[in-house]
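This report concerns only the one structure given below.
6 protein chains.
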Amino acid sequence: MDDKKIIEDKQISEFVIGEVSQGFFLIRSVESRTASNNNKYLDFTLADKTGEINAKLWHCTEKDEAKYIANKLVKVRGNVTQWQGRLQYIIEKVRLTTEDDNLKVENFVPSAPYPAEEMYSEVLKYVGLIKNSEINMLVNILLEENKDRLIYYPAAQKNHHSYRSGLLYHITSMLKVGEGLSKVYEFINLDLLYAGIILHDIAKLFEMDSSELGIVSDYTMEGNLLGHIVQGIKMIERVASEIEMNEETAILLQHMILSHHNEPEFGSPKRPMIPEAELLHHIDTIDARMFDMKKNLDNINEGDFSDRVWLLHNRKIYKPKV
Amino acid sequence: MDDKKIIEDKQISEFVIGEVSQGFFLIRSVESRTASNNNKYLDFTLADKTGEINAKLWHCTEKDEAKYIANKLVKVRGNVTQWQGRLQYIIEKVRLTTEDDNLKVENFVPSAPYPAEEMYSEVLKYVGLIKNSEINMLVNILLEENKDRLIYYPAAQKNHHSYRSGLLYHITSMLKVGEGLSKVYEFINLDLLYAGIILHDIAKLFEMDSSELGIVSDYTMEGNLLGHIVQGIKMIERVASEIEMNEETAILLQHMILSHHNEPEFGSPKRPMIPEAELLHHIDTIDARMFDMKKNLDNINEGDFSDRVWLLHNRKIYKPKV
Amino acid sequence: MDDKKIIEDKQISEFVIGEVSQGFFLIRSVESRTASNNNKYLDFTLADKTGEINAKLWHCTEKDEAKYIANKLVKVRGNVTQWQGRLQYIIEKVRLTTEDDNLKVENFVPSAPYPAEEMYSEVLKYVGLIKNSEINMLVNILLEENKDRLIYYPAAQKNHHSYRSGLLYHITSMLKVGEGLSKVYEFINLDLLYAGIILHDIAKLFEMDSSELGIVSDYTMEGNLLGHIVQGIKMIERVASEIEMNEETAILLQHMILSHHNEPEFGSPKRPMIPEAELLHHIDTIDARMFDMKKNLDNINEGDFSDRVWLLHNRKIYKPKV
Amino acid sequence: MDDKKIIEDKQISEFVIGEVSQGFFLIRSVESRTASNNNKYLDFTLADKTGEINAKLWHCTEKDEAKYIANKLVKVRGNVTQWQGRLQYIIEKVRLTTEDDNLKVENFVPSAPYPAEEMYSEVLKYVGLIKNSEINMLVNILLEENKDRLIYYPAAQKNHHSYRSGLLYHITSMLKVGEGLSKVYEFINLDLLYAGIILHDIAKLFEMDSSELGIVSDYTMEGNLLGHIVQGIKMIERVASEIEMNEETAILLQHMILSHHNEPEFGSPKRPMIPEAELLHHIDTIDARMFDMKKNLDNINEGDFSDRVWLLHNRKIYKPKV
Amino acid sequence: MDDKKIIEDKQISEFVIGEVSQGFFLIRSVESRTASNNNKYLDFTLADKTGEINAKLWHCTEKDEAKYIANKLVKVRGNVTQWQGRLQYIIEKVRLTTEDDNLKVENFVPSAPYPAEEMYSEVLKYVGLIKNSEINMLVNILLEENKDRLIYYPAAQKNHHSYRSGLLYHITSMLKVGEGLSKVYEFINLDLLYAGIILHDIAKLFEMDSSELGIVSDYTMEGNLLGHIVQGIKMIERVASEIEMNEETAILLQHMILSHHNEPEFGSPKRPMIPEAELLHHIDTIDARMFDMKKNLDNINEGDFSDRVWLLHNRKIYKPKV
Amino acid sequence: MDDKKIIEDKQISEFVIGEVSQGFFLIRSVESRTASNNNKYLDFTLADKTGEINAKLWHCTEKDEAKYIANKLVKVRGNVTQWQGRLQYIIEKVRLTTEDDNLKVENFVPSAPYPAEEMYSEVLKYVGLIKNSEINMLVNILLEENKDRLIYYPAAQKNHHSYRSGLLYHITSMLKVGEGLSKVYEFINLDLLYAGIILHDIAKLFEMDSSELGIVSDYTMEGNLLGHIVQGIKMIERVASEIEMNEETAILLQHMILSHHNEPEFGSPKRPMIPEAELLHHIDTIDARMFDMKKNLDNINEGDFSDRVWLLHNRKIYKPKV
């Protein structure tokens with residue numbers, strides 16, 4: 006095989022047995038194993054948007070082991086073979102991708118349906134509608150400080166919106182719903198509602214460890230011991246103190262965070278005591294439920310029921326024929 | 006005293022001790038009692054928008070007893086006196102009001118903030134947006150059949166929207182919220198959602214006995230034994246059978262009624278299994294909560310807490326100063 | 006092998022390796038597979054009262070696939086061989102059974118201990134005791150309309166009485182218990198009680214899809230979305246409307262259906278409000294519990310405990326030596 | 006007034022103002038008070054089957070105070086007067102009743118509908134059906150030891166069967182129900198079932214302090230700290246040890262007592278593990294519910310609902326017109 | 006009456022009708038009323054250790070109304086009279102007490118059994134045992150900052166330790182218990198445990214408004230909206246940030262505060278995840294329960310039961326004779 | 006191989022392939038199997054403190070099967086071989102151990118950290134502090150009667166302290182905690198508390214079947230049907246009757262046993278009604294929780310979380326770095 010031969014990038018779905026193929030892939034998982042000849046090798050599951058393939062890097066070094074880890078993007082060239090009826094990809098060359106490769110991670114992992122930057126701008130548009138200058142400032146500071154993570158963080162490890170930029174997508178949907186509700190319930194203070202929506206889960210950025218692919222490996226120590234509700238209150242406390250925010254305003258925002266799960270058994274020791282907090286809870290729930298329902302309906306045909314969905318109280322969901 | 010003297014109608018707040026006063030009043034409550042001289046008399050609490058007054062009709066007949074009952078509107082003339090430090094109204098003349106008196110009952114009892122006919126038209130506007138001809142027909146039939154009651158029925162005996170035309174007000178608010186949500190969750194079937202909102206509590210018209218003042222005296226026998234959820238399903242079943250509605254469609258509408266309380270312990274043996282039913286539940290809850298919160302906030306000052314509100318899980322509600 | 010050779014029918018327990026055997030069997034399950042030579046074949050589990058055997062129909066056609074499906078009875082001739090230490094039945098000839106074969110399905114699947122027709126007659130005997138002519142008529146109509154299914158339906162997919170004619174068996178036991186109780190509690194209205202017992206689960210015939218073997222494959226769409234309680238109420242509503250039944254009577258019957266699970270969390274939004282409904286609930290529970298206990302005790306020795314039984318709140322059951 | 010005058014006994018409903026009346030009455034309640042002249046007097050509520058009356062014993066001694074206490078039967082002679090529109094009975098003579106008066110306490114307090122001795126005989130009839138000689142002996146011993154109390158004890162302080170001989174009435178009804186059920190569920194061990202029914206509440210005789218009128222004043226120290234379930238187990242333990250009962254049999258009887266409330270939160274740490282214990286629980290519940298329902302229905306008209314009944318999960322009960 | 010006459014101070018129990026008496030009293034409650042002559046007067050309930058008395062200040066001024074309010078200590082001289090059989094105190098002279106009066110408030114209101122300063126010193130003794138310098142510093146800062154309030158604050162408005170210096174008493178008892186437990190469970194980190202005990206309820210000082218008498222009038226706005234658990238976490242956050250405490254240490258302390266109610270439904274969204282937090286919860290509960298039990302036992306005799314105690318799950322408590 | 010050759014005892018960790026080894030081992034599990042030559046053999050898992058090994062006894066007799074059962078200690082000699090990469094021990098000689106072997110079972114199974122006899126003496130020391138002679142006598146009798154089992158019984162089959170002498174270890178820790186608490190809550194009756202601690206789980210000796218290794222095979226019939234709480238009450242009842250104990254004292258001890266799980270759903274139909282019973286519950290809980298937490302922390306590093314622990318409400322436990 007001639008390394009220098011110019012070959013085009015292919016996607017996994019285009020692989021043909023017996024050919025040399027090359028392309029960009031995500032390392033979904035990887036294990037270091039020892040072959041019968043006592044040599045170490047890496048056993049990968051590689052993925053792109055079109056599918057997954059098992060791949061082997063024979064004769065790997067310790068450096069390889071350290072470098073090629075789960076959730077990294079790699080450029081690979083290798084032979085496509087068959088083993089026990091399934092395709093296998095024998096790696097000839099492999100390297101980590103660089104900025105120059107100009108890849109969009111959204112093409113390799115499940116992601117929100119809108120570009121993160123676009124959603125971030127939409128959030129800023131709503132921040133612009135917050136008239137109370139202190140609230141406006143506090144929200145802006147927290148967004149700026151955390152923009153890096155916000156761009157790619159999911160909203161959960163396993164639950165609703167648990168994919169790349171899921172948190173941002175959750176926030177933008179909720180802001181739109183809040184806008185709609187405020188037209189029916191005109192006595193609502195929109196400054197509080199918008200700030201509450203934007204900040205209600207902001208501390209998830211520090212409750213969970215997420216890779217830039219939007220995949221959560223684990224909860225942080227602080228996430229386990231305190232949880233995003235208390236962490237979020239601490240974040241507001243810190244910035245409120247920096248900008249010398251009116252105490253009542255800071256407490257109201259903290260109360261919205263504290264009460265947004267609505268019930269003690271779901272993590273909110275206080276139930277909502279102002280209508281904006283009450284709405285925040287319902288908007289949050291609606292957006293989660295619609296996400297979960299849509300996701301399950303997308304995978305079934307009209308007239309069919311989904312499997313039981315744990316996140317929806319173990320319900321089956323039905324896709325009407327009407 | 007000269008009965009023929011022309012005197013102007015007065016409201017209770019304008020009454021002066023020692024004068025003859027006349028006006029239109031609502032009989033809030035009435036009791037037949039026996040005086041020390043063994044004569045029967047009627048002891049009323051009369052009310053108008055401005056207040057309440059105790060009134061006596063001495064020497065009443067059995068006919069009077071049967072005629073002047075709670076929740077009726079009456080025209081009264083009498084002397085305003087004082088007894089044990091409180092005003093007392095000694096009735097000289099009294100009659101039931103007639104259509105010619107041209108009274109608006111809304112002026113005597115708590116009522117929805119919009120005229121019932123206006124809200125009814127608004128509901129019809131949304132019905133016009135239901136494209137599925139069967140659903141459209143069924144909703145129209147049920148509205149027409151029940152318009153008379155719908156105009157004045159409250160949504161509850163004691164809970165949220167428990168005043169004249171409260172059910173209609175509840176429906177119109179919910180329709181607007183539904184419209185807003187459908188713009189964010191575009192996969193929602195609006196025909197089902199609008200029909201579900203309009204019909205979800207329709208059987209309350211037969212679960213409770215309400216006077217035309219919007220005051221519920223009691224639950225009906227069927228209301229007690231079956232409840233408005235099952236009664237509503239029966240209503241849909243009957244009309245669906247009349248118009249030979251597609252069976253799946255009828256079942257979906259019935260499922261929305263059945264599941265709109267969301268949890269078995271609140272009367273829904275099935276949880277929502279389609280997204281429209283899920284949304285219906287949340288819209289219903291939000292509208293109830295916002296009603297209860299607003300009602301409690303309207304009575305307190307900024308910076309104060311309400312008393313504990315039973316309907317809101319015994320919470321106090323706070324009125325922010327922000 | 007000579008196909009024409011006359012051989013006697015055998016039961017699975019009588020099979021001998023190396024012989025040609027023939028008999029009638031139930032297809033418990035069947036899968037279409039592809040052999041290494043790329044030919045399709047059917048892989049069966051066949052059963053009769055005496056046991057189960059794996060069977061192969063090599064070289065099957067698409068027609069075969071469509072015809073030989075689970076829960077059908079078949080006549081089979083084939084060679085009994087051994088593979089990996091277990092018997093295997095290589096099918097030579099197979100056909101669906103016909104009425105002429107004169108088979109009793111009870112001999113192939115778990116069934117109630119009494120013949121279905123006999124139990125049906127017993128139910129009619131109790132109907133004969135219902136003096137209220139409207140109730141009598143309504144019960145008769147619903148029985149006649151549904152006799153076909155009632156004959157073989159189980160009372161559940163997995164729970165108590167989940168075998169052929171289980172529902173009928175459940176009803177007849179309950180009727181006898183009701184008769185006994187009515188002698189102690191003489192104020193009970195037996196018309197309501199007997200009707201309630203007969204109809205309480207009648208809509209299970211439409212909540213679940215059962216084969217004529219009494220094996221439930223799944224819940225129906227309406228069963229999932231409404232459930233047999235609401236479906237049963239609709240059935241009564243339809244017939245009550247046809248026979249112009251007294252409204253109160255219809256509501257009482259519907260209330261008995263509605264409340265027979267006794268608690269909201271078990272599907273009854275209303276608890277029993279008449280003594281007949283209260284008794285119906287207890288009789289239903291007792292019959293289910295005695296069924297489950299007896300079933301578990303039948304399989305253990307005196308002095309032993311059963312395994313934990315999920316349907317009995319995860320209890321172990323003890324078989325006394327006394 | 007001549008004390009020696011012979012006057013006939015009267016019932017309260019026959020009292021006439023201004024006359025001297027005499028009769029037998031129950032002291033429902035009594036209070037020692039001090040009159041304005043600083044003399045002590047006793048203020049009674051006296052009762053018979055026909056009603057209640059306020060009575061005064063002026064100038065009472067300390068001996069009187071000690072003697073005339075609540076729940077005693079007294080013979081009284083006195084003047085019937087009127088005070089503030091109500092009858093008042095000014096006591097001239099009073100004494101405690103004696104055996105010679107030959108009174109039946111059932112005529113003064115709410116009691117079971119059958120004579121206690123008759124019900125006790127009925128229980129013995131069922132004991133006669135217990136074939137296991139050890140069980141038979143143990144039940145007989147416990148009945149004999151406790152016959153005195155059993156004759157008059159109620160089954161509860163406030164709940165179902167809380168009147169004179171209520172416990173005995175509860176037991177006899179349950180025995181009849183058990184007999185009926187055993188005909189449907191033929192595998193039931195009737196020895197265990199009958200013994201379980203007779204003994205399940207036997208320790209209520211020591212959990213509560215009841216007067217011979219069947220009125221419970223309070224719980225005993227042991228009743229509060231251990232409760233009738235544990236007390237009953239101790240009673241069986243003692244007798245089983247005396248008669249050297251087979252250990253398994255004793256444990257089975259104790260298990261039936263222990264589990265007859267069915268759920269931990271109702272006092273049974275173990276759920277029934279034998280079918281006889283399971284039936285015992287249901288028979289107990291049915292008999293309590295039928296008692297409570299009947300009691301409430303007896304006081305209302307057809308077509309009416311009772312008030313909410315706390316003992317029946319706060320339900321209203323309906324009396325059908327059918 | 007001669008104002009100059011020198012009279013000794015008396016306690017309420019020593020008052021004699023017809024005498025002029027003077028002394029120091031606590032204003033338990035006071036109401037401004039209007040007499041029949043249209044003059045305003047103040048109607049007091051005054052108290053000292055020995056009892057309570059009704060008192061009147063006729064002809065009060067607006068200044069008096071503002072000055073003599075509930076929970077203040079006053080010096081009073083007046084006539085002791087009788088009205089409707091009860092003592093009444095007609096105030097001649099009244100003034101607020103001053104420091105020069107040298108009164109101990111403990112003598113007028115229920116208080117902890119030890120002097121506050123002594124208990125505060127005991128707490129400091131335990132702080133001295135905290136070896137981790139950061140924890141030691143943080144605890145010291147928070148104690149010093151809040152010593153003023155800590156001295157008199159109760160631990161609750163109505164629950165256990167709801168009297169003057171009750172919080173301090175609760176803390177010192179818990180510290181002693183913690184010390185004992187640490188000798189059995191030697192792996193416990195005493196620095197964390199002592200700090201957790203001292204700080205667990207520290208924010209009650211800001212959750213409730215207490216007078217210096219240890220009487221709580223109400224919850225604060227922040228107390229209502231956030232609660233002492235979240236407020237306490239904020240207090241630790243602020244000081245930890247000031248002293249640049251190790252982040253893990255601060256989180257551990259905050260976790261102890263957060264989890265000390267052990268269950269979400271009691272206000273702890275996280276259960277204890279370190280053994281010190283687990284112990285803190287149990288020590289807190291034990292001290293509360295022992296307080297409530299002792300309090301109820303102190304008021305009854307051996308062999309008696311207390312009334313049902315709401316704070317103890319509605320139990321009665323028994324005082325053994327052993 | 007020469008059987009007479011003297012070889013030293015070895016532990017499993019010292020085994021070398023190809024050598025003859027001998028030693029003492031615990032039979033963890035054993036199965037009788039049939040080899041391909043139709044001979045029966047025994048397949049063991051043998052264990053000592055240093056590890057486990059698979060072992061085969063070829064050609065076993067029925068006597069061997071009966072003799073070499075799980076949880077026995079054996080002396081074994083055999084060849085150490087390798088099969089499929091794992092060590093295998095081919096048994097040449099095997100015998101049950103005898104007293105002469107002078108083995109300590111603690112060296113073969115998980116056990117309490119202190120010698121059983123030492124802990125038993127410690128318990129007696131506390132008994133010595135019980136001043137009430139009846140309580141002292143009752144506790145002594147029960148200890149003496151049950152010393153044999155108490156020495157080795159675990160406190161549970163799977164939960165906390167489920168190893169050899171675990172119950173004794175649990176009791177001694179609790180006694181120490183009780184001693185500490187009694188110094189803070191001086192009104193506590195130590196006689197009751199110490200007796201309650203010693204007896205609270207005493208009937209576990211008869212609720213579960215434990216081998217002398219402290220391994221529970223199953224619950225007893227009585228354990229299943231009554232449970233150790235009721236069994237313990239019966240034990241106290243028997244001895245109290247023998248020594249004619251004061252009735253109140255016996256009831257108090259029984260109440261402590263009855264209530265020590267604190268909540269009906271955990272097996273205590275009565276909650277603690279005396280402070281000693283309340284303390285007993287908390288001490289029991291604390292000792293269980295500290296055991297479980299310590300056990301989980303012992304297996305992880307500082308800064309790490311344990312897995313979720315079922316016994317601790319499914320919590321993760323954190324090991325601080327502080």
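Residue numbers (our numbering), protein chains in the order written: chain C, 6 to 327; chain V, 6 to 327; chain D, 6 to 327; chain F, 6 to 327; chain A, 6 to 327; chain Z, 6 to 327.
Here a beta-carbon is modelled for each residue, glycine too, at the ideal position from N, C-alpha and C.
Keep in mind that this is a model prediction, so the values were computed, not measured.
Check, Outcome
"Neighbourhood of residue 226 of chain D by C-beta distance below 6 Å, restricted to the same chain and skipping five residues each side", "none"
"Length of the line joining the Cα atoms of residue 13 of chain V and residue 223 of chain V", "37 Å"
"Cβ-based burial, residue 53 of chain V [other Cβ within 10 Å; buried from 16]", "buried"
"Beta strand (DSSP E) segments (min. 3 residues) lying fully within the stretch 58 to 141 of chain D", "78 to 88, 91 to 101"
"Residues from the stretch 191 to 211 of chain D in contact with chain V, defined by Cβ distance under 7 Å", "none"
"Status (buried if at least 16 other CB within 10 Å, exposed otherwise) for residue 64 of chain C", "exposed"
"Cβ contact check for the stretch 114 to 134 of chain D and the stretch 165 to 183 of chain D: 3 or more pairs under 8 Å", "yes"
"Three-state class that DSSP yields for residue 211 of chain D in the structure shown", "helix"
"C-beta neighbour in chain A for residue 261 of chain C, strict 7 Å", "no"
"Residue 218 of chain C in three-state terms, based on DSSP", "coil"
"Reference residue 217 of chain V, options V:115, V:42, V:83, closest by Cα", "V:115"
"Euclidean distance between Cα positions of residue 142 of chain V and residue 201 of chain V", "14 Å"
"C-alpha distance - residue 199 of chain D paired with residue 144 of chain D, whole-angstrom precision", "9 Å"
"Contact set between residue 321 of chain C and chain D, taken where Cβ atoms lie within less than 7 Å", "229"
"Under 7 Å (Cβ pairs) to chain A, residues found in the stretch 239 to 271 of chain Z", "253, 254, 257"
"Neighbour-count burial assignment, residue 254 of chain C, 16 or more Cβ in a 10 Å radius", "buried"
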